[in-house]
Structure formats: C-alpha cells, structure tokens
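Residue numbers (this note's numbering): 2 to 517.
From the three backbone atoms N, C-alpha and C, an ideal C-beta is built for every residue, glycine too.
From a predicted model like this one, the values you see are computed outputs, not experimental measurements.
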C-alpha cells in the first residue's frame with residue numbers, strides 16, 4: 002500500500018469535491034464528498050467545493066442549487082467554494098488558456114487538424130484488430146498553428162499511480178495516446194481542466210470514484226509536463242446494488258434528495274455512506290466526531306460496497322430514537338406541512354415527536370403514525386369498533402368524560418389515577434379501558450402510551466373525541482366499516498378534519514398555519 006503523503010511543502014491537507022451539475026447528487030457522489038470532508042476534518046485541512054460546469058449542454062443552475070442543498074442537508078460544510086467566485090470552471094477559462102499556451106510553447110503540446118472521419122476510421126480499424134485505439138501522432142511534427150491541442154505523450158516507459166486505496170498501479174505509455182487538451186472550438190476538456198484546477202487550488206489529495214482511475218495516468222503526465230507536483234490519489238470503489246451491479250435507478254432511489262424527501266434523517270444518511278467501504282471494527286453507529294476522529298482513507302476497501310436500504314432505515318430509526326424531541330420536531334415540521342396538516346407550535350410538536358420517535362424510521366412515517374394528533378379519526382378499525390363500541394363501551398366512555406372533565410390538571414400523571422380508580426370500580430382490566438380510549442382518540446388500537454396521548458391532545462380535544470366515540474357506540478357506528486364510519490363522524494357538527502386543540506390545558510393544534 003502506498004504511503005499517505007502530501008506533496009505540499011507545509012504538509013497541509015487540501016481536498017476537493019468537484020461534482021458536475023448535470024443532475025441531482027447521487028449517493029456515490031455524496032460518499033465521495035463525505036470521504037473528502039472527513040479526511041480534511043481529520044487532518045485539520047481544507048475541504049473545497051468546486052463545480053465542474055464546462056458541459057454547458059447538461060449543466061444547469063437548478064442542478065447546482067440542488068447539489069449545494071444536498072451537501073448542506075448532509076452537514077458537509079466547505080471551507081472554500083460557492084458562492085465565492087472562482088470555484089466554477091466556467092469562471093476559470095483564462096487559467097486554462099494560459100496553461101494550454103505554456104504547454105504549446107514548451108513543445109509539450111501540438112495542434113492537430115485530423116478530421117473526425119479519419120479518427121473514426123482508425124478507431125474502427127483498431128477495433129477490428131482487437132486493439133485499444135491510440136492516436137497515431139500524425140500531426141506531431143506538422144507545426145500547425147490551429148486545431149485541437151494535444152498533449153505529447155512519451156513513446157516509452159510507464160506511468161505509475163501510487164494509489165492510497167489500490168496500491169501501485171502501472172500504466173504502459175504505449176497504451177496511452179496524445180489526448181486532447183483543448184478542442185478545436187477552444188473549449189478545454191475535462192481531464193485538462195481537472196489538472197489545472199487541482200494544481201492552482203493546491204490540492205494535495207485527490208479522493209474520487211474508481212471510474213476515474215483510468216484517467217489518472219493521462220493527468221499525471223499533464224502535471225509533469227507543466228512542472229507541477231503530483232497529488233496523492235485515492236480511488237474509492239463503486240457503490241453496488243443488491244445484485245452487485247453498479248447502483249442505478251433500477252435499484253430504486255439513488256439521489257440524496259430522494260432519501261431526504263422520504264424522511265431519512267441526515268445523520269443516518271451520513272452514517273450509512275461512511276460505512277460503504279469503510280469500517281472500524283464491528284461498530285455500526287458513529288457520531289460525527291467519531292467519524293472525524295477515526296476515518297482514514299487508507300482504511301477504505303478497494304472492493305465494491307453494497308448499498309443496503311434496510312440498514313439505512315434501521316440507522317434512521319436508531320438516530321430518531323436517540324434524538325432530542327425539539328430537534329426532531331424541527332425536522333418533522335416540513336413533513337407535517339407537506340402532508341397538508343396544521344403545524345402546531347414547536348413545544349407541542351416536540352411532545353408529539355417524543356412519543357412517536359420509536360415507532361417510525363423516517364419523518365414521513367413519523368407524521369403518518371402520528372396523524373391522529375393533527376386530525377380527528379375519519380374511521381375506526383372495524384374489528385376493534387365491533388369489540389369496544391358497545392352499550393358497555395358507551396357507558397364507560399360517559400364515566401371517563403365525567404371524571405376527566407373534573408380533573409384540575411390535565412397531565413399524564415394526573416390522568417393515570419383516574420383510569421385506575423375507574424377500572425377498580427367497573428371490575429375491568431386497565432388494558433380494555435385503555436384500548437377503548439385509544440380507539441376513540443386515534444381510530445386505531447396501536448398508539449403511544451394513552452395517558453401521554455390524552456395529555457398532548459389536551460382536555461378539550463380529548464373530551465370532544467370521546468363524546469364522538471360515545472355517540473358512535475349509541476348510534477351503532479361501531480359496527481360500520483371505514484367509509485360509513487367516516488361519514489358518520491364528519492356529518493356531526495364540531496368535528497372538522499383538523500384538530501382544534503392539542504395543548505395540555507386545551508391549547509389548539511389547528512392554529513393558523515405558520516408561513517415558511
């Protein structure tokens with residue numbers, strides 16, 4: 002394995018993530034960004050964001066904003082980059098022209114006017130011979146003053162890449178050709194821009210995907226022709242789908258934005274990306290500080306890493322369970338609004354989130370699981386309604402309404418003794434009375450602890466729902482299935498779809514929606 006050395010004199014690590022804004026940020030690109038960010042933070046170095054937007058036919062401002070938003074969502078802050086000027090390739094054309102002229106003047110590059118038809122014919126001939134096409138060098142000594150500018154590659158020897166992930170990789174120069182630096186229309190090529198950008202930004206370590214390894218010998222020869230030090234290289238493995246083919250859309254969502262919109266927590270996404278090809282013993286869950294302290298690019302495996310969606314969901318659940326309720330509420334609020342539900346004040350939403358965080362692995366699931374907090378049940382579970390919404394159920398709900406209405410403080414600790422005293426009087430099990438209440442409040446028989454639900458909904462809303470359920474028992478709605486029960490509830494006055502209250506003392510969940 003090659004040593005981890007930095008070619009700069011002061012030893013300061015400078016790395017970059019250089020996406021092409023031709024689409025959303027792919028999870029493979031996000032992992033590359035993360036590895037660069039972790040390496041910079043581990044070594045106290047500099048993380049640079051550079052936008053490679055020379056492909057004007059596919060690069061868009063919208064995609065640039067999308068990539069920037071995705072990086073910010075992941076928490077990968079950069080030390081240099083947009084919106085500062087000079088970090089987009091379209092802003093650096095003078096630098097490319099200057100370096101191209103240096104190579105031409107030094108005799109390390111020459112103009113070529115070979116027509117595309119000729120090159121295509123030579124390429125087909127090479128394919129027929131089952132050989133790799135290599136430009137013949139026909140224009141090397143013609144002394145042309147215009148055309149495409151090609152780098153003059155030495156005819157003999159080998160170019161060695163000391164890769165931090167793969168070790169020593171050797172490329173015979175007979176397999177390389179005089180590649181184009183600048184096209185005949187004056188636009189620089191990707192490989193040339195990358196070299197000029199990396200040397201002028203003083204990049205010490207180039208950490209990128211394995212698909213760029215074949216470009217590296219060309220770029221090294223360009224560094225050498227310009228007289229610049231060569232950075233250290235690390236080419237990380239491709240991310241694979243479950244079938245071990247390269248991860249693509251046919252495997253499902255592949256963009257960071259898609260996972261963000263699905264409600265995956267950003268820390269879970271970072272944790273999942275870090276574990277794609279890197280490990281620290283058997284540890285599965287890492288804090289950001291732990292990742293920064295432990296990560297080293299030399300520990301990244303060269304073999305392909307399989308993207309495990311189930312593991313990502315599991316990680317998101319673990320982070321959700323451990324998250325502070327207020328922070329979880331901040332993340333959940335946009336998803337509540339997106340679901341068309343009223344967003345309660347932060348402290349109330351935090352209380353809701355605390356009761357739901359062990360029941361969902363995504364923020365979307367969190368909102369759906371807790372939908373009963375934001376709107377009244379539109380239907381009751383049919384089998385449960387047949388069991389609980391009886392004449393006895395109506396009587397028990399009536400007693401509950403009386404006793405809960407008389408409580409001085411409508412809190413979980415105050416509510417629990419009411420239930421225990423009532424089950425003792427009625428001679429029933431606490432679970433049966435709790436399930437009756439749960440069905441009345443949520444429409445389901447599974448929810449967070451019922452005393453917490455009552456307290457969060459608040460006195461006014463809890464009593465309103467209990468009354469609706471009691472009337473459903475009397476009116477026979479308990480035996481009805483979804484749509485009929487829904488009509489039965491919605492036709493009753495004072496039963497809007499959105500809750501009017503959730504406060505512990507009767508505050509309103511259905512407060513006017515806050516502008517965002």
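For residue 241, the three-state secondary structure derived from DSSP is strand.
Taking a C-beta distance under 8 Å as the contact criterion, residue 41 and residue 14 qualify as a contact pair.
According to the DSSP assignment, residue 208 belongs to no alpha helix (DSSP H) but to the beta strand (DSSP E) extending over 206-210. Rounded to whole angstroms, the separation of the alpha carbons of residue 381 and residue 441 is 8 Å. Taken through DSSP and simplified to helix, strand or coil, residue 51 comes out as coil. Between the C-alpha atoms of residue 299 and residue 305 there is a straight-line separation of about 15 Å. When rounded, the separation of the alpha-carbon atoms in residue 465 and residue 351 is 23 Å.
Close CB contacts of residue 108 within its chain, under the 8 Å cut and outside five residues either way in sequence, are with 153 (chain order).
If you check the CB distance, residue 20 and residue 68 come in under 8 Å. Between residue 75 and residue 424, the alpha-carbon positions lie close to 50 Å from each other. Excluding its 5 nearest sequence neighbours in each direction, residue 371 has C-beta neighbours in its own chain below 7 Å: 353, 357, listed in chain order.
In terms of Cβ geometry, residue 362 and residue 321 form a close pair [threshold 8 Å].
In the three-state reduction of the DSSP assignment, residue 194 falls in the helix class, which pools H, G and I. Bounds of the beta strand (DSSP E) holding residue 172 are 168-173.
Judged by DSSP in its simplified three-state form, residue 376 adopts strand. Ranked by Cα distance from residue 185, the first of 101, 129, 364, 178 is 101.
Considering only 81, 345, 455, the residue with the shortest C-alpha distance to residue 405 is 455. Secondary structure at residue 474: helix, using DSSP grouped into helix, strand and coil. Collapsing the DSSP output to three states places residue 181 in a strand. Taking the Cα of residue 245 as reference, the smallest distance to any Cα among 281, 290, 307 is reached at 307. For residue 18, same chain residues with a beta-carbon under 7 Å away, outside a window of 5 residues either side, are 33, 34, 37, 50 in chain order. In the structure shown, residue 443 adopts helical secondary structure according to DSSP, grouped into three states.
With contacts defined by Cβ atoms closer than 8 Å, residue 70 and residue 135 do not form a contacting pair. Beta-bridge partners of residue 189 (DSSP): 183. Our two residues, residue 190 and residue 113, have alpha carbons roughly 15 Å apart in a direct line.
Note: residue 62 is not bridge-paired with any residue in the DSSP secondary-structure output.
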